[in-house]
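Per UniProt numbering: the sequence shown = residues 1 to 69. No residue lacks a Cβ here, since even glycine has one placed at the ideal position from N, Cα and C. None of the values given here were measured: they were computed from a predicted structure.
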Amino acid sequence: MPVQTLQSAIKYGEKLADPQGSAAKMYYTVMYKNDKAYNLEVLYDKALNTVYHFEYFRDARGPLSKISK
(Lines of atoms letter the chains of each structure in order from A and count residues from 1; the text may use other names and numbers.)
(Lines give C-alpha, C1' and ligand atoms only; values in the text may rest on other atoms or scores of the structure.)
Protein backbone atom coordinates (compact mmCIF):
# COMPACT_ATOMS: atom_id res chain seq x y z
CA MET A 1 0.00 0.00 0.00
CA PRO A 2 1.56 3.35 -0.99
CA VAL A 3 2.14 5.64 1.97
CA GLN A 4 0.44 8.47 0.03
CA THR A 5 -2.79 6.44 -0.01
CA LEU A 6 -2.64 5.96 3.76
CA GLN A 7 -1.88 9.66 4.29
CA SER A 8 -4.84 10.62 2.11
CA ALA A 9 -7.16 8.31 4.06
CA ILE A 10 -5.99 9.86 7.34
CA LYS A 11 -6.34 13.42 6.02
CA TYR A 12 -9.68 13.11 4.19
CA GLY A 13 -11.32 9.94 5.54
CA GLU A 14 -14.12 9.73 8.06
CA LYS A 15 -12.66 9.41 11.57
CA LEU A 16 -14.27 7.14 14.17
CA ALA A 17 -13.14 5.66 17.48
CA ASP A 18 -11.22 2.39 17.37
CA PRO A 19 -13.77 -0.45 17.73
CA GLN A 20 -11.39 -2.21 20.16
CA GLY A 21 -11.11 0.84 22.40
CA SER A 22 -7.51 1.99 21.91
CA ALA A 23 -6.51 5.67 21.72
CA ALA A 24 -5.99 5.30 17.96
CA LYS A 25 -8.66 6.38 15.47
CA MET A 26 -10.10 4.37 12.59
CA TYR A 27 -10.30 6.24 9.29
CA TYR A 28 -12.64 5.09 6.51
CA THR A 29 -12.61 6.16 2.86
CA VAL A 30 -12.97 4.83 -0.68
CA MET A 31 -9.86 4.12 -2.77
CA TYR A 32 -9.33 2.96 -6.34
CA LYS A 33 -6.98 0.21 -7.50
CA ASN A 34 -6.82 -0.70 -11.19
CA ASP A 35 -9.95 1.41 -11.82
CA LYS A 36 -11.94 -0.60 -9.25
CA ALA A 37 -13.39 0.92 -6.07
CA TYR A 38 -12.57 -0.50 -2.63
CA ASN A 39 -13.36 0.60 0.91
CA LEU A 40 -10.23 1.38 2.92
CA GLU A 41 -9.84 1.45 6.69
CA VAL A 42 -6.73 2.71 8.46
CA LEU A 43 -6.11 2.51 12.22
CA TYR A 44 -3.82 5.44 13.09
CA ASP A 45 -2.53 6.84 16.39
CA LYS A 46 -1.65 10.51 15.87
CA ALA A 47 0.18 10.85 19.23
CA LEU A 48 2.62 8.09 18.25
CA ASN A 49 2.44 8.75 14.48
CA THR A 50 1.83 5.03 13.96
CA VAL A 51 -0.39 3.09 11.57
CA TYR A 52 -1.42 -0.12 13.34
CA HIS A 53 -3.67 -1.60 10.69
CA PHE A 54 -4.97 -1.03 7.20
CA GLU A 55 -7.22 -3.11 4.98
CA TYR A 56 -9.11 -2.64 1.76
CA PHE A 57 -12.28 -4.56 1.03
CA ARG A 58 -15.64 -4.37 -0.75
CA ASP A 59 -18.07 -5.32 2.04
CA ALA A 60 -19.83 -2.81 4.31
CA ARG A 61 -17.84 -1.77 7.36
CA GLY A 62 -17.94 1.26 9.64
CA PRO A 63 -19.78 4.09 7.85
CA LEU A 64 -19.05 2.65 4.39
CA SER A 65 -21.58 0.72 2.35
CA LYS A 66 -20.89 -2.38 0.27
CA ILE A 67 -19.23 -1.89 -3.13
CA SER A 68 -20.48 -4.27 -5.80
CA LYS A 69 -18.02 -5.99 -8.13
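Check: When DSSP labels each residue in this structure, what does K33 get in the three-state scheme?; Outcome: strand
Check: Please list, in chain order, all residues of the same chain as A60 whose beta carbon is under 7 Å from its beta carbon, the five residues on each side excluded.; Outcome: K66
Check: Reducing DSSP to helix, strand and coil, say where L6 ends up.; Outcome: helix
Check: Over what stretch of residues does the beta strand (DSSP E) that includes A24 continue unbroken?; Outcome: No beta strand (DSSP E) contains A24, which DSSP labels as neither H nor E.
Check: By DSSP's criteria, A17 is part of a beta bridge. Which residues make up the other side?; Outcome: K25
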